[in-house]
Amino acid sequence: MHQDRLARPLFPHNHTPEYLMHKYWSRKPHNIVAAYIAAYSGPGEIVLDPFGGSGVTVNEALRLGRRAISFDASPLATFIARNTIARVDPERFKAIATAIDSQVTPSIESMYATTCPSCNKSAMITHVLWRDVIECRCGNQPDPTANKGKHAGKMACSACGTREPSAFRKTSQPWRVHVSCKACGAVTGTPPAAEASLQDQLAASPAYRRVLDDVPSLDMPLTYPNGRNFVQLRHDMRQDPRLCNLFTPRNLIAVHAFWKTIEAIPASTSEQKAAKDMLSFAFSSMLPQASKMVWVIKQRGKQALSKYEVGSWTHHFFWNPTECFEVNVINGYRERVAKIFNGSRAKARWHDGGERWCKACLDDPEAWWLARKSAVTPGWRILEEIEPASPEIAENEADFFGSTAGTKKKNALVETRHAQNLEMVPDASIDYIFTDPPYGDSIQYAELAAFFLSWRHPRDLGAVLGDAFDSEITMNAGQGKDLEKYKKLLQLAFKECFRVLKPGRHVTVTFHDTDASVRGLLYEAMIGAGFAFQHAVYQPPPRPSEKSLLHEKGSPTGDYVITFKKPHAGNGKGLRRIDDIDVNEILKQAIDGIFTLRGEPVPFNLMLSLLDLQLAGMGYLPPDMGHPLDRFLHGDPAYAWTAKQGWYFSGKEAAGRKTRQPLHERIDELVARMVPRVGDLRKEGGLEAIANTVFAALNGVLTPGLKELKQSATRAIMTHARGFRTP
C-alpha cells in the first residue's frame, strides 16, 4: 500500500497561474497539498476533500494520477473548483472573450472618457482615487485620512469642537484621476469638476435602475432572517448593507453591461455551455477590482511610495474604505481575461503531459519533495516522475462511482454538498482525505460568497444563501452558531469522513486559528469521530511579519497540518485535556522541553505555534489560552525575554541546564554541507532544496522559520565563495 509517513514541513510554492484565475479565501500552497496526496495515496486511488473550497485538492489529486472528489457547501466554491480543473482551449477562450470585449466596450467607454490633465486632449480614465470628505456644519472639513476608521458620529470637529452626529455630512469626492492619453501616455492629475457630478447623474439614470431591476439581489439587505446584519460588514456597510453600495454607479453600470451580454449567450450544446462557463468565470473574477473595496497602497514595508498603487480586496469583510480606487471596468475585464488565458495555458501543459510532478531529493530519499518537471535543478536526484490524469468531470455520483451499467467511471466529482451528509459516498470507499475545514469564525465563507453569487443568482440569492447558511460550519451570531454548535457540526462532518474512509487509511487536516480552544475542538472532533491521532506538523508562514518576531506577546503564525488514521478496529490514540489543577506544571514541562531541544531563545509567536506540537507529543490537547502564555512566562523567574531574540531560560537558569546545541548552529552546519550542491540561491529551486532537506532533519519543535533558513543559506554561500578565492 502506497503510504509514506510525512511528518515535516515543506517549502511552499507561490500560487501558479491556474490558482490566480479567481479570488478565493485561504488557499493552501498547492505543492504541500500535492505532497500529502503523494505520500498517503497511490495512482488510481480516490482522494476526498469534504471542504473542497476552490479545488486545490481535486486539481492536485488529478495531477498525481488519482481520482478525486471535492464537496463544498458553497455553490461559489463548486463553480470555481470546476473551472479550475476543466479542460479549456486557451486560444478559443481568448477569441470568445475578445469578441465579448468588442461587443460591450463601445456601449460603456464613454463613461470613462475625459480630458488629459496635461494636454487637454481626449483621454480615457484608467482609475480614479476617491476620498471621503466629512464636512461640519461650521464649514470645517476634518481630514478623514488622518482619522482612520472614524466616521460621522464618531468624530470631533477641530474647529468648533462638536461631536454631534447630525453636525457632520460625509460625501465621497474624486481626488486624483489617472488617465491614458494617446499623446502623453499615462498621466495623473486633478479630476475635472464634472467627475463628481457624473456619478450623481448615473445613480439617478435609467441605466442604473435597469441594473437593480435585472439583478435585484444587489439591492437586497445583507441580513439574516432574525434581522441581524451579516457579521462581516464594516464602515458604512453596517448602516446600509446592500451590495450595490460596494460599487460606484459608473462601475456598476459597466459591470452589468458585461453580465447582460454573457447571460445572453446560448448554452444549448456542450461546447456553448463550456464557453459560457468560462466567460462567466472571467466575469466573476473581475468583480473585486470593479468594486470600491480596492484600497490605496501608500507604502511598501516601511518605505513610503512616491506614487500610490492600486490595491485589491484583501480583507475578509465588506467595506467602504476612506480612500479607494475606482478601476476602469473595461481594463479590469481585459486583465482577468489575460489571467484566465495564462491559467488555461498552464493547465493545458499538465493535461497534455508536458508538465508533471517529480519526487526529488538531494541525497536522502526519505527527504523527498515534489518539484515540477520544468523546475528540476541540476544536482537534484529524481526518484519518480508521476503521470498526471486528464480531468473527466462526472455529472453525478453514478458517473464517478460507476453504478450505471456500461459507463466508464469519470475521475473527478465536484458538487455543492455539505460535509455533514455524504450519503452518496459508499462506506469505506475513500483511500485518503485531505481537507482544510473552516476555522471557527475567522472567515465567513457564505457571507463573502454573496458578493459573487448575487450575479449568478440575481433573483434567488436569498434562497441560495439560506441553504448555505443552514449547513455552514462556523461560529456566527446571525446564524445562531456558537462554539458548541460549531463543535457539533464539525464532529458530524468528521464522522462522515470516518464512515467513508477505508480502515487503515489516513486523513490530513490543515488548520490555522489563533484561538487554542478552537484548535482543541478540532482534535476532539476528530478523535471523537473515531480517528487515531498520528502527528502534527507546524508549517511556517512563507513571509513572517517582522514585528511578530520582536514582541513579548502575540498570536500563533503559520498553519498546522495534522494527520489521523482510521483504525482497523476500535478507537485510536487520543489526546486529553489539561486539567486546570495541572496546567502550570504541564505548561512548564512543555516550555522547558522546547527551550532544551532548541537551545536558544524562541520568539513568542513561534513559541505559541510550537507549544501545540510539544503538548501533543506529551498526549495533551492545546491549552485554553484563557490562561495567557505571556503572563505565565513573565510570572516564572526561570524564563526571560530578550529583545529581538525571544523567550528562553533566564541567565541563572540557563547556566544550570543541559541544553542542545543552539538550533541556528545546527542549521548552519546542515546548510553548509548542501551549498556546494545547490549553488546560487537566486536560481529557482536553491532555497527549496535547502529548506526541504533541513526540514527533514529538523522538524517538530525544532522547525526553523523560512527566514532563518534563507539567512543561514546566504551566510553559507558567502563562506563557500570565499573559500574559492585565490590568495
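Residue numbers (the working numbering): 387 to 1113. All C-beta atoms, glycine included, are put in the ideal place defined by N, C-alpha and C.
- Nearest C-alpha to L619 among I432, A582 and A836: A836.
- Close CB contacts of A1026 within its chain, under the 6 Å cut and outside five residues either way in sequence, are with S1036 (chain order).
- Here DSSP, grouped into helix, strand and coil, assigns L396 to coil.
- A residue is called buried when at least 16 other Cβ atoms come within 10 angstroms of its Cβ; T464 meets this threshold and is buried.
- H408 places its beta carbon less than 9 Å from that of S440.
- Rounded to whole angstroms, V474 and S815 show a C-alpha spacing of 30 Å.
- Secondary structure of A509 (DSSP, three-state): strand.
- Between K693 and W516, the C-beta spacing is not below 9 Å.
- Taken through DSSP and simplified to helix, strand or coil, Y1034 comes out as strand.
- Here A922 is buried. Its C-beta has 16 or more other C-beta atoms within 10 Å.
- Just so you know, the alpha carbons of A454 and P812 end up roughly 14 Å apart.
- Looking at the backbone, the Cα of R595 and that of W681 are separated by about 27 Å.
- Our two residues, V893 and P560, have alpha carbons roughly 53 Å apart in a direct line.
- In this structure, the straight-line span from the alpha carbon of E858 to that of P611 is close to 16 Å.
- For P607, the three-state secondary structure derived from DSSP is strand.
- Put simply, the backbone Cα of T470 is about 47 Å away from that of Q975.
- For P707, the secondary structure class from DSSP, reduced to helix, strand or coil, is coil.
- If you look at G1072, you'll find it in the alpha helix (DSSP H) that goes G1072 to A1083.
- Annotation for W743: no alpha helix (DSSP H) segment contains it, though the beta strand (DSSP E) segment containing it runs W743 to C747.
- Going by DSSP, I482 is part of the alpha helix (DSSP H) stretching over P476 to I494.
- Only exposed fits L769, as fewer than 16 other CB atoms lie within 10 angstroms of its CB.
- Within the model, the alpha-carbon separation for L665 versus R735 is close to 21 Å.
- Taken through DSSP and simplified to helix, strand or coil, C883 comes out as helix.
- Below 8 Å, too few C-beta pairs join the segment 869 to 880 and the segment 987 to 1003 to call them touching: fewer than three.
- DSSP places R1046 in the coil class of the three-state scheme, outside both helix and strand.
- For Q689, the secondary structure class from DSSP, reduced to helix, strand or coil, is strand.
- At a Cβ-Cβ threshold of 9 Å, A425 and R391 count as neighbours.
- Around the Cβ of R549, a 10 Å sphere holds fewer than 16 other Cβ atoms; the residue is exposed.
- For the pair F919 and I948, the CB atoms are nearer than the 9 Å cut-off.
- The three-state secondary structure of V617, taken from DSSP, is coil.
- Residue burial is scored here from C-beta neighbours: T700 has fewer than 16 other C-beta atoms within 10 angstroms and is therefore classed as exposed.
- The continuous beta strand (DSSP E) containing Y818 extends over residues I816 to T821.
- In the three-state reduction of the DSSP assignment, C570 falls in the coil class.
- Counting only the Cα atoms, A447 lies some 9 Å from L434.
- Taking 9 Å as the cut-off, the Cβ atoms of L756 and A1082 do not count as close.
- Look at F465 here: in three-state DSSP terms it is helix.
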